[in-house]
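For reference, the structure discussed in these notes is given below.
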Amino acid sequence: MKRFFSLLLLPISLLTVLASCSKDKENSQPSETNPVLLLQFQGAYLQAGQIDSAQLVWKEGAETRQVKFTQRNDSLFIPLRDLPDGPRSYELLIFAQKRYANQYQGIWKKQQLLSLPASRSITVAAPASFTDTDWKPRTRLKDAIGHEAIIALRPDDPYFFIFSATHSVQNYVLERTYWSTIGGPRAVASKTWECKDGCVNRPNETFFTDFVQRIGTQPWNHISLVVVFETDPTGGAWILNLEWEP
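Put into structure tokens, the structure is as follows:
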């Protein structure tokens with residue numbers, strides 16, 4: 734009887750081991766031959782077909798490096814083998830045909846920490862809405878004669894970059910205002926930056942940092958951006974302007 738019981742336990746134990754091996758095999762994730770960084774687009778807010786270009790930017794010491802994404806169906810990708818090994822923070826930038834006020838180019842920026850090499854592809858979700866906190870929406874204001882500026886749209890992003898003009902400029906001015914138009918127009922928060930020399934052609938991420946605190950929970954539904962290139966003290970100027978409601 735004891736021998737029969739032992740013989741009975743043997744196949745049961747064997748089945749348990751085989752089942753365990755099968756489960757481990759199902760749960761294992763095999764390495765990919767050519768893993769990629771995949772920028773996946775979903776929904777109607779921003780689609781792969783609207784993208785002019787997208788790039789991944791990072792620092793190598795004092796140098797800035799960048800690699801462009803390649804489009805494939807409804808996504809963009811970069812082979813991971815094209816990126817350096819080790820953990821580091823990358824900046825993802827998307828430049829799209831999606832226009833603000835049917836005129837100014839849309840730009841989206843995201844910081845992404847990657848640790849490479851990786852044996853499997855890494856998927857990053859593209860912007861899903863204007864309020865998607867993983868991405869920062871910005872716009873490029875530009876006219877036909879070369880006046881240009883890139884400015885953040887949401888209050889939680891203080892970024893702006895004003896390019897130097899091709900002509901003499903006495904003063905550069907940027908005014909950002911958030912309005913509530915419900916029950917009549919009312920400025921919820923407004924701030925003006927001015928500079929004469931040595932302050933363009935470089936990013937500024939400090940001047941507008943107080944917008945989040947100033948606005949708080951107050952509702953707003955209209956964005957006003959005004960960039961002024963003053964050419965003389967009597968009032969002559971070139972102006973870039975965006976009025977837009979999210």
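The opening residue of the sequence shown carries number 734 in the numbering used here; numbering runs sequentially from there. Idealized CB from N, CA, C, for every residue including glycine. Here the structure is a predicted model, which means the values were calculated and not measured.
Query	Result
What's the C-alpha gap between Tyr892 and Asp965?	27 Å
With distances taken between CB atoms, is the gap from Val857 to Leu826 smaller than 8 Å?	no
Taking the CB atoms as reference points, tell me whether Leu816 and Ile784 lie closer together than 8 Å.	no
Can you check which of these residues, Pro768, Gln775, Asp807, Leu847, is closest to Leu789 by C-alpha distance?	Leu847
With Arg909 as the anchor, note down where its beta strand (DSSP E) starts and where it stops.	904-913
Out of Ser854, Asp889, Ala877, point me to the one whose CA is closest to Thr864's CA.	Asp889
Alpha carbon to alpha carbon, how far is Asp807 from Gly931?	43 Å
Apart from the five residues just before and just after Asn835, which ones in its own chain have a Cβ nearer than 7 Å to its Cβ?	none
What are the residues that DSSP puts in a beta bridge with Leu958?	Arg909, Leu975
Taking 8 Å as the threshold (C-beta atoms), are Glu927 and Val960 in contact?	no
DSSP state of Asp815, grouped into three classes?	helix
Leaving out five residues on either side along the sequence, give the residues of the same chain with a beta carbon under 7 Å from the beta carbon of Gly782.	none
Tell whether a beta-carbon distance below 8 Å holds between Lys831 and Gly819.	no
Is the CB-CB distance between Leu958 and Ile884 below 8 Å?	yes
With a threshold of 7 Å on Cβ separation, who are the neighbours of Gly916 within its own chain once the five nearest residues in sequence on each side are excluded?	none
Have a look at Trp805 and Pro812 and give me their C-alpha separation to the nearest angstrom.	Note on residue identity: the sequence assigns Arg, not Trp, to residue 805. The straight-line gap from Cα to Cα measures roughly 12 Å.
Tell me which residue opens and which closes the alpha helix (DSSP H) that Gln773 is part of.	Run containing Gln773: none in the alpha helix (DSSP H); it sits in the beta strand (DSSP E), 769-773.
For Gln780 and Gln773, I'd like the C-alpha separation in whole angstroms.	9 Å
Kindly indicate the opening and closing residues of the alpha helix (DSSP H) around Ile878.	Looking at the DSSP string, Ile878 is not in any alpha helix (DSSP H), and its letter there is neither H nor E.
How long is the line joining the alpha carbons of Ser913 and His900, rounded to whole angstroms?	36 Å
Name the one or two DSSP bridge partners that Pro820 has.	Ser848
May I have the straight-line CA-CA distance separating Ala777 from Ala861, to the nearest angstrom?	8 Å
Note down the Cα distance separating Arg871 from Trp841, rounded to an integer number of angstroms.	6 Å
Would you kindly work out how many angstroms separate the C-alpha atoms of His880 and Ala829, rounded to a whole number?	20 Å
Please determine, among Ala851, Ala920, Thr925, Phe894, the residue with the shortest C-alpha to C-alpha distance to Val933.	Phe894
By how many angstroms is the C-alpha of Tyr823 removed from the C-alpha of Ala851?	15 Å
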